[in-house]
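Residues 13 to 167 in my numbering are what the sequence shown spells out, letter by letter.
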Amino acid sequence: MTATPADRRADAVARALHAREGTSAAWGVEFVEAGEGRAVCAMTVREEMLNAHGTAHGGAIVVLADTAFGWACNSRNETAVAHHVSVTYVSPAHPGDRLTASAVEVARKGRSGVYDVHVTADDGRTVAVFQGLSRTVGGPVVDGLDTNKTEGNEP
């Protein structure tokens, strides 16, 4: 599939955010891909990410999901922040599991956006389902990139 200019812009924004985030480096979050209204990142569950039950701490899973959400909602190079998030944990993640968070824009209208993020383990199991509501607050994420302001309630 050929990347559109909007997808190339989204890729540049996600890569810039990834490079700026201390959180991504601390948790080992890896950039996988990004396009307009979508993003994918991954991380491997390490021993220091475990809770008292020996499974991935919910906070570690949220870091991964929130990162994909952040890249997706900023993909048009308009600064957006989380307004509200919710997460449902479906199955535990274990040490050594590689988790992937895939975010997709569900709706966008005015300054508000809705994003679904599915976190899966390398064996295909759903680990968590995250929904993020974003609010555009103005200004570019990356100076010098074209900003394509589009209205819509569909991705």
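Where a beta carbon is used, it is the ideal one built from N, C-alpha and C, also for glycine.
Nonlocal neighbours in the same chain, by C-beta distance under 6 Å from residue i, ignoring five residues either side
i: Ser98; result: Gln143
Proximity of residue i and residue j at Cβ, strictly below 7 Å
i: Ala31; j: Ser87; result: no
i: Leu111; j: Ala84; result: no
Straight-line gap, residue i to residue j (C-alpha atoms, nearest Å)
i: Gly49; j: Val149; result: 17 Å
i: Lys121; j: Gly108; result: 39 Å
i: Thr16; j: Gly66; result: 43 Å
i: Ala24; j: Phe43; result: 11 Å
i: Arg123; j: His95; result: 11 Å
i: Thr91; j: Asp78; result: 15 Å
i: Ala28; j: Ala64; result: 35 Å
i: Glu33; j: Ala51; result: 16 Å
i: Thr162; j: Asn89; result: Reliability fails at Thr162, whose pLDDT of 45 lies under 50, so the model's placement of it is uncertain and the value that follows must be treated cautiously. When rounded, the distance between both Cα atoms is 12 Å.
i: Ala68; j: Val129; result: 17 Å
i: Met55; j: Arg20; result: 23 Å
Beta-carbon proximity list for residue i, same chain, < 8 Å, skipping 5 on both sides
i: Tyr101; result: Gly70, Ile73, Val139, Ala140
Per DSSP, cross-strand counterpart(s) of residue i
i: Phe142; result: Val99, Val129
i: Val74; result: DSSP lists no partner for Val74.
i: Ser124; result: Lys121, Arg147
i: Phe43; result: Cys53
Buried versus exposed, by CB contacts within 10 Å (16 or more), residue i
i: Glu60; result: exposed
i: Ser146; result: buried
i: Ala37; result: exposed
i: Gly47; result: buried
i: Ala119; result: exposed
Beta-carbon proximity list for residue i, same chain, < 7 Å, skipping 5 on both sides
i: Gly151; result: Thr91
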